[in-house]
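Trainee:
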Amino acid sequence: MKRYDFDTIIERRGTISSKWDDMAPLFGTNDLLPLWVADMDFAAPPEIVDALRKRVDHGVFGYTHRFAPYRQAVVGWLLRRHGWAVDTEWLRHTPGVVPALAMAIMAFTQPGDGVLIQPPVYHPFSAVIRGRGRRIVENPLVFRDGRFEMDFDDLEKKLDDSSVKLVFLCSPHNPCGRVWTRKELERFAAICVARDVVVVSDEIHGDIIYSGNRHIPLASLSGAIRDRTITAIAPSKTFNIAGLSTAVAVIPSRRLRDNYTSVLDFLHLDGGNTFGTIALEVAYNKGDQWLDELIEYLEGNVRFVEEFLARRLPAVTLVKPEGTYVPLLDCRALGLGGQELLRRLVERGRVALNGGHWFGTAGEGFMRLNIATPRKLLEDGMERIVAALSEEGGR
Ligand SMILES: Cc1ncc(COP(=O)(O)O)c(C=O)c1O
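First residue of the sequence shown: 1, per this note's numbering; consecutive thereafter.
(1) With a threshold of 16 other CB atoms inside 10 Å of the CB of residue 281, please say whether the residue is buried or exposed.
(2) Skipping 5 residues on each side, what residues in its chain have a beta carbon closer than 7 Å to that of residue 291?
(3) Does the region 283-301 come close enough to the region 42-55 that 3 or more CB-CB pairs lie under 8 Å?
(4) How many Å lie between residue 144 and residue 150 at the Cα?
(5) Could you check if residue 389 is buried or exposed, using at least 16 other CB atoms within 10 Å of its CB as the buried criterion?
(6) Is it true that the CB of residue 233 sits closer than 8 Å to the CB of residue 247?
(7) Rounding to the nearest angstrom, what Cα-Cα distance links residue 380 and residue 243 in this structure?
(8) From residue 333 to residue 358, what distance separates their C-alpha atoms?
(9) Under 7 Å: does the beta carbon of residue 370 sit that close to some heavy atom of ligand 1?
(10) In or out: residue 61 buried (at least 16 other Cβ within 10 Å) or exposed?
(11) Distance, Cα to Cα, residue 14 vs residue 41?
(12) I'd like the ranges of any beta strand (DSSP E) spanning at least 3 consecutive residues and lying wholly in the region 107-141.
(13) Work out the CA separation of residue 11 and residue 297 for me, nearest whole Å.
(14) Can you tell which of 342, 375 and 325 has its C-alpha closest to the C-alpha of residue 353?
(15) Under the three-state reduction of DSSP, which class applies to residue 53: helix, strand or coil?
(16) Is DSSP giving residue 205 helix, strand or coil here?
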C-alpha cells in the first residue's frame, strides 16, 4: 500500500529556495515556473522531518560529529540498495559532492595538470577545475540513436596525455540521465587503470534509477579500480535535503584517503552539520519505501512528458532518462540556438529550464527539464513550454 504523497503542491516561494526565490540573477526575473535547478518540490520523508523536529525542540545546537549509527547507516544503504560492501573506515565527510570534487583537485593534482570530464556534464565540474588553475580535458559524450554514450577511443587518446591526473565520472550522468551499464563501466575502468589516473565518481544521482536499469558503483567493479576511486554519494538529491549540506566520500585506498583527509582537515570542513547528520542517518535507515514510491511517481512524470510532447510538440522529444530527475529535451529540430531557446521559454512561456549549452560541448540545442514536481505543476510547465516553443508562440 502507498504511504506517501507526492501530489500536494507545497508553496516554496519565500522559503529562501534557490530554485523558486533566486531565478532573477540567471533568468532576469523571479516570475517564472522553475523547472531548473536539481531539487524537488516534494517534502522530505516524514521520518526525516520528525527526527529534525525532535532535535530542534532540544534547542541547543553546538558542534557535532558523525556518530557510529551514521556510519553504519551509510554502509547499510550502499549494501542494501547497490550491493556494495564498504568499510566504515573508508568514509570521509564532505559538505557536498562538489566540495569533494574540489578537494580531490587539491589533493591529487598540481597547477597545470589536466582533469578529464565528459560533457555535456554538470557545470560545476569545469568550474572547480578552472578555479584551481587546472586544465580541463574534454572527452565529450556522443549522441547516438537517441542516447548519449561514452567515446572510449577518444577517452584513451585523451588519457595518453600523462599530464591528465584525475578523471571526473558522473554516474548516473547529469544531464543526460544515462545509467552506465556494467559493460560501459568496465571498459571505462580498464582505461583508467591502464593510464594510472585517479577517478572521482560522482554518484549523487545513483539512487534514482528507473525500471530496467541498475546503478553499479564504479569502485565495486574490481580491486584495481576501487584502489584509485573516490566515490561521492549523498542523500541530498534522493531525499530532497540538499540544503542540509551533508555528503560522503567513500575512499577505500589508504593513500588516497590520507591525501583527501589532509585537505579536509586543512579546510577545517570535517565538523559537519547537526541536521544533515541526523537527516542522513534517518534517510539511509528508514527511507527505502519513500524512495521506491518516489521513483514510481517520477516514472509516471517521465511517461507524462513523453506523451505530452508527442501530442502537443512533436518537434521536441524527451531523451529517455534511465535515472535522475533532470532529463534533457532534444530541441534541435527547432533550429534555435541555446540562448534563443532560453529567451523564448522565459519571455513567452514564463518557465525556467537549464540550457543544455550550460553543460558544455554537445549540450547545444538541448534543454534540461526538472520533472521532480507534483504532476499538476509539471502539466502547467509543459503547457508553458508548448506556448514558448510551438510555431504560434506567445501566450
Ligand atoms: C552530478 C551532480 N553532482 C553534484 C551536485 C551537487 O552536489 P552538492 O550540492 O552536494 O555539492 C549535483 C546537483 O545537481 C549534481 O547533479
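Backbone N, C-alpha and C fix where the C-beta goes; we use that ideal spot for every residue, glycine too.
Mentor: In terms of the structure at hand:
(1) To locate residue 281, count along the sequence shown from 1; it is residue 281. When all chains shown are included, residue 281 counts as buried.
(2) Numbered from its first residue, the sequence shown carries residue 291 at position 291. Around residue 291: 207 and 238.
(3) Output reads yes: the region 283-301 touches the region 42-55.
(4) If you number the sequence shown from 1, residue 144 lands on position 144. If you number the sequence shown from 1, residue 150 lands on position 150. Roughly 10 Å between the two C-alpha positions.
(5) Locating residue 389 in the sequence shown gives position 389, counting from the first residue. Buried: at least 16 other Cβ atoms inside 10 Å.
(6) For the purposes of this step, residue 247 is identified with residue 247 of the sequence shown, where counting begins at 1. For the purposes of this step, residue 233 is identified with residue 233 of the sequence shown, where counting begins at 1. Between residue 247 and residue 233, the CB-CB gap stays under 8 Å.
(7) Sequence index remark: in the sequence shown, residue 380 carries index 380 (1-based). Sequence index remark: in the sequence shown, residue 243 carries index 243 (1-based). Going by the C-alpha atoms only, they are around 26 Å apart.
(8) Mapped onto the sequence shown, residue 333 falls at position 333. Mapped onto the sequence shown, residue 358 falls at position 358. Using only the alpha carbons, I get a separation of about 19 Å.
(9) Your numbering for residue 370 matches position 370 in the sequence shown. Residue 370 has its Cβ no nearer than 7 Å to any heavy atom of ligand 1.
(10) Within the sequence shown, the letter at position 61 stands for residue 61. Around the C-beta of residue 61, fewer than 16 other C-beta atoms lie within 10 Å, and the residue is accordingly described as exposed.
(11) In the sequence shown, counting from the first residue as 1, residue 14 sits at position 14. In the sequence shown, counting from the first residue as 1, residue 41 sits at position 41. About 14 Å.
(12) DSSP assignment within the region 107-141 yields the following whole beta strand (DSSP E) runs of 3 residues or more, N-terminal first: 114-117 and 135-138.
(13) Position 297 of the sequence shown holds residue 297. Position 11 of the sequence shown holds residue 11. Counting only the Cα atoms, residue 11 lies some 20 Å from residue 297.
(14) The residue you call residue 353 lines up with position 353 of the sequence shown. Closest option to residue 353, Cα to Cα, is 342.
(15) Mapped onto the sequence shown, residue 53 falls at position 53. Reduced to three states, the DSSP call for residue 53 is helix.
(16) If you number the sequence shown from 1, residue 205 lands on position 205. Coil.
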